[in-house]
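Just so we're aligned: the sequence shown equals residues 12 to 211 in our numbering. Using N, Cα and C, we set each Cβ at its ideal position, and we do this for glycine too.
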Amino acid sequence: MLVHFLTDEPAKLPAIRAILEPQHDVVPHLLGDGEIASHGVLMVDVDLRQRARVDQVRLSLQGLGKIPEKLFVVHHLAHSMVAQAYALGATAVLSRAKEAVLKVAQIEKAQKATLGEAAGPASAISGGAAVFASIFADVRNGRPVNLLDAERATSQVIDRVKQDGLASWLDEVRRYHEGTFQHCLLVTGVAAGFALEVGF
């Protein structure tokens with residue numbers, strides 16, 4: 012599952028990666044550093060005692076209504092900060108970042124159960140989007156690209172195109188995914204369709 016991690020302290024990034032990866036794809040975002048994609052789970056670990064940071068979080072969350080799960084880490088569960096987290100749109104409040112492992116697993120399980128039969132196209136698309144987000148984040152941060160994840164996502168796309176056809180893949184991408192990685196997913200589907208057509 013794709014987890015967008017928004018923080019005000021870069022030192023928190025290695026710890027959250029160690030906690031959630033490799034089971035989940037973590038895309039780090041520093042507060043005030045641009046847009047967050049509107050898919051996956053959002054996890055926010057920001058000091059909500061500082062008004063300026065609360066305002067920055069509010070700006071970062073604008074336009075993220077499509078993200079159904081917004082987890083906020085509120086250390087020691089201070090009442091005023093818990094209230095602030097819910098006012099910002101939190102769907103759950105965690106007292107420590109480590110609690111995210113169980114919560115993200117619960118969210119993933121619930122989403123799979125809810126999607127049922129429709130999970131096929133959406134999971135291939137979500138998997139592809141998660142891998143593209145992870146690749147771009149790795150490149151931006153000077154880390155090596157995880158080729159195993161890229162190969163797994165490519166296999167999902169090829170299987171979906173093989174099973175349902177290119178036109179169906181393109182329709183599903185347009186229906187399920189809007190935004191940053193839609194173009195990448197469309198090109199990947201076309202390349203997979205072409206490769207299948209020529210017997211590659």
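Can you give the beta carbon distance from residue i to residue j, rounded, assuming they're within the 8 Å contact cut?
| i | j | result |
| --- | --- | --- |
| residue 160 | residue 179 | Incorrect: roughly 24 Å between the Cβ atoms, too far for contact. |
| residue 31 | residue 115 | 7 Å |
| residue 184 | residue 200 | 6 Å |
| residue 21 | residue 41 | 6 Å |
| residue 27 | residue 108 | 6 Å |
Taking 7 Å as the cut-off, decide whether the C-beta atoms of residue i and residue j are in contact.
| i | j | result |
| --- | --- | --- |
| residue 67 | residue 100 | no |
| residue 14 | residue 37 | yes |
| residue 92 | residue 85 | yes |
| residue 81 | residue 53 | yes |
Alpha carbon to alpha carbon, what distance is there between residue j and residue i?
| i | j | result |
| --- | --- | --- |
| residue 142 | residue 89 | 36 Å |
| residue 150 | residue 18 | 19 Å |
| residue 60 | residue 29 | 26 Å |
| residue 198 | residue 97 | 39 Å |
| residue 176 | residue 71 | 38 Å |
| residue 103 | residue 110 | 11 Å |
| residue 47 | residue 79 | 14 Å |
| residue 130 | residue 173 | Residue confidence for residue 130 is low, a pLDDT of 47 falling below 50, so the modelled location carries little weight and cannot support an answer. |
| residue 16 | residue 39 | 5 Å |
| residue 196 | residue 203 | 10 Å |
According to DSSP, is residue i part of a helix, a strand, or is it coil?
| i | result |
| --- | --- |
| residue 175 | helix |
| residue 182 | helix |
| residue 16 | strand |
| residue 209 | coil |
| residue 36 | strand |
| residue 57 | coil |
| residue 42 | coil |
| residue 142 | helix |
| residue 156 | coil |
Inset, instruction - Could you name each continuous beta strand (DSSP E) segment of 3 residues or more that falls completely within the segment 65-122, going from the start of the chain to the end? - result: 81-84 and 103-105
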